[in-house]
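For the sequence shown, this note's numbering begins at 1 and goes up steadily by one. Here a beta-carbon is modelled for each residue, glycine too, at the ideal position from N, C-alpha and C. Below is one structure, written out as structure tokens; comments come after it.
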Amino acid sequence: MLANANLINGLILLAGMILCYLFVLIPFLIYYAIQHMRSPQLILLPEEDWDEYLTGKCRAESDWTQSNQFDAVGIYRWQQNYIIVWENESQATFFQTTLSPYGRFHSFTTIFEEDYTLVTANDREALIFPAPPGRFVQSFGVEQTSILNEKHQAVLEDLMKVKHLKLAEDFPEFEESYLAGLRQQHEFVRSVFFYPIRGIWWYHVGRRVKFNRPIDLQQVILEN
């Protein structure tokens with residue numbers, strides 16, 4: 001009897017912990033993340049500190065950028081993350097390597113006319129929040145920068161055909177573009193009714209369903 005009682009108590013405790021995780025912790029983290037996007041700040045590291053990253057921690061990425069006509073823009077700090085940025089103005093594209101406490105992540109961001117943007121990343125977190133109108137986001141579990149770029153270029157070409165998009169002629173500064181994107185994401189998610197609760201689905205299901213899947217072009221035509 002005592003063993004059964006202990007088992008029942010243990011199951012009740014476990015169920016309580018799961019419910020707290022789902023309905024308390026995740027909504028709180030979603031709310032916290034969105035609040036931090038309200039007034040984001042990037043801190044540009046001094047140029048004398050860049051070599052530690054460009055020729056050290058991110059040497060492989062630096063070599064790739066040099067072979068693909070990308071120029072170093074700068075190294076920024078945002079919260080606990082270090083963001084190393086390169087750009088290719090002729091392609092209106094930024095390439096980012098983000099060093100965070102949770103790992104190393106890459107992304108390509110292409111800017112189009114009329115405030116359209118395509119982002120191709122390699123982490124699930126890029127897919128947590130629903131994308132604002134005009135912002136297309138996809139993510140794949142690939143480590144090789146060249147393969148990630150190929151996936152980015154493939155969808156970029158398709159988007160330009162079906163949406164008749166043109167690359168931005170007035171290519172923005174990285175900091176301006178990055179902060180504007182965060183603020184746009186903040187405003188869009190805040191407009192979603194009960195967004196912290198909806199975040200339970202976004203976090204546990206939505207980002208996993210969309211991971212390793214290219215953008216649905218038919219859906220893009222209908223929604224945008």
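Within the same chain, and ignoring the five residues on either side of PRO101 in sequence, the residues whose Cβ sits closer than 7 Å to its Cβ are GLN80. The three-state reading of DSSP puts LEU99 in strand, counting E and B together. Within the same chain, and ignoring the five residues on either side of ARG135 in sequence, the residues whose Cβ sits closer than 6 Å to its Cβ are THR117. In the structure shown, ALA60 falls within a helical segment according to DSSP collapsed to helix, strand and coil.
In chain order, PRO130, ARG198 place their CB closer than 8 Å to the CB of VAL192, counting only its own chain and leaving out the 5 sequence neighbours on each side.
Classified as exposed, PHE194 has fewer than 16 neighbouring CB atoms from the shown chains inside 10 Å of its CB.
With a beta-carbon spacing of about 6 Å, PRO132 and GLN185 fall inside the 8 Å limit used to define contacts. In the DSSP assignment, HIS106 forms a beta bridge with THR97. Going by C-alpha positions, GLU125 is about 15 Å away from TYR32. For the 8 Å CB-CB criterion, ASN122 and PHE105 form a contact.
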